[in-house]
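S.K.: There's a structure below that I have some questions on.
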Amino acid sequence: MEVRGPGPKLVLVFSGKRKSGKDYITDLVLDRLGPAVCTVLRLSGPLKQQYAQEHGLDLDQLLGPGPYKERYRADMIHWGEARRCQDPGFFCRLATAGAQQPVWVVSDARRLSDLQWFQSEFPHKTVSVRVQCSDETRQKRGWSFTTGECTCLSTAVHPDISTY
Numbered sequence: 001m002e003v004r005g006p007g008p009k010l011v012l013v014f015s016g017k018r019k020s021g022k023d024y025i026t027d028l029v030l031d032r033l034g035p036a037v038c039t040v041l042r043l044s045g046p047l048k049q050q051y052a053q054e055h056g057l058d059l060d061q062l063l064g065p066g067p068y069k070e071r072y073r074a075d076m077i078h079w080g081e082a083r084r085c086q087d088p089g090f091f092c093r094l095a096t097a098g099a100q101q102p103v104w105v106v107s108d109a110r111r112l113s114d115l116q117w118f119q120s121e122f123p124h125k126t127v128s129v130r131v132q133c134s135d136e137t138r139q140k141r142g143w144s145f146t147t148g149e150c151t152c153l154s155t156a157v158h159p160d161i162s163t164y
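Going by full-length UniProt numbering, the sequence shown opens with residue 1, and the numbers climb by one from there.
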């Protein structure tokens, strides 16, 4: 059983499509509150770290924007979903391990199960924030529709997550 400190006073769980501005907004929150009060937690980082470790891959390349990550994207998505089916809080626990600040900002919730885990673990402290923008704005930021990719589980947020 994991030993946990006092836990956060506030958990802000951000969701939104790729290139919607989640990282920009969460970085603004961090800048405003400061690193002594706030930490930004990214669920995708622990997923990629665990995937790289289990598959003998270069973590730095998986974290980058290049073709290396794209080569493994589909398999990594399926692997991550299988992990979540076994244990829905697996990546959330990895992301929060060691977080000491009173405000946690989760920058990349993509599944309803992520939000539900935080709500279950930190009831009355978790707030969901949905970041939205037009496809035109996303395209200006470098996003382009790719058949199969944008309808897959990595970019699809469960429809119910936007109602919280």
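Each residue gets a CB set at the ideal place from its N, CA and C atoms; glycine is no exception.
Taking the straight line between their C-alpha atoms, what separation do you get for residue 49 and residue 80?
M.R.: Position 49 of the sequence shown, counted from the first residue, corresponds to residue 49. Position 80 of the sequence shown, counted from the first residue, corresponds to residue 80. Each residue's alpha carbon lies about 11 Å from the other.
S.K.: Under the rule that 16 or more other beta-carbon atoms within 10 Å means buried, what is residue 20, buried or exposed?
M.R.: Taking the first residue of the sequence shown as 1, we reach residue 20 at position 20. Looking at its Cβ environment, which holds 16 or more other Cβ atoms inside 10 Å, residue 20 is buried.
S.K.: Tell me whether residue 8 sits in a helix, a strand or coil according to DSSP, three-state version.
M.R.: As a first step, residue 8 must be located in the sequence shown, where it is residue number 8. The answer is coil: DSSP assigns residue 8 none of H, G, I, E or B.
S.K.: Measure the Cβ-Cβ separation of residue 114 and residue 85 and say whether it is below 8 Å.
M.R.: Working through the sequence shown from its first residue, we reach residue 114 at position 114. Working through the sequence shown from its first residue, we reach residue 85 at position 85. Not closer than 8 Å, so no.
S.K.: Using three-state DSSP, classify residue 19 as helix, strand or coil.
M.R.: Counting from one through the sequence shown, the residue named residue 19 turns up at place 19. Coil.
S.K.: When the Cα of residue 14 is compared with those of 61, 60 and 130, which residue comes out closest?
M.R.: Numbered from 1 along the sequence shown, position 14 holds the residue referred to as residue 14. Ranking the options by Cα distance to residue 14, first place goes to 130.
S.K.: When the distance is taken between beta carbons, is residue 107 closer than 8 Å to residue 18?
M.R.: Translated into positions along the sequence shown, residue 18 becomes position 18. Translated into positions along the sequence shown, residue 107 becomes position 107. No. Outside cutoff.
S.K.: Mapping the DSSP letters down to three states, classify residue 130 as helix, strand or coil.
M.R.: One-based indexing of the sequence shown puts residue 130 at position 130. Residue 130: strand per DSSP, three-state reduction.
S.K.: If you count every other CB in all the chains shown that lies within 10 Å of the CB of residue 28, and 16 or more means buried, which is it?
M.R.: On the sequence shown, position 28 is the one that residue 28 refers to. Per the 10 Å Cβ criterion, exposed.
S.K.: Which two residues bound the contiguous alpha helix (DSSP H) that contains residue 75?
M.R.: Counting from one through the sequence shown, the residue named residue 75 turns up at place 75. Run containing residue 75: 67-86, per the alpha helix (DSSP H) assignment.
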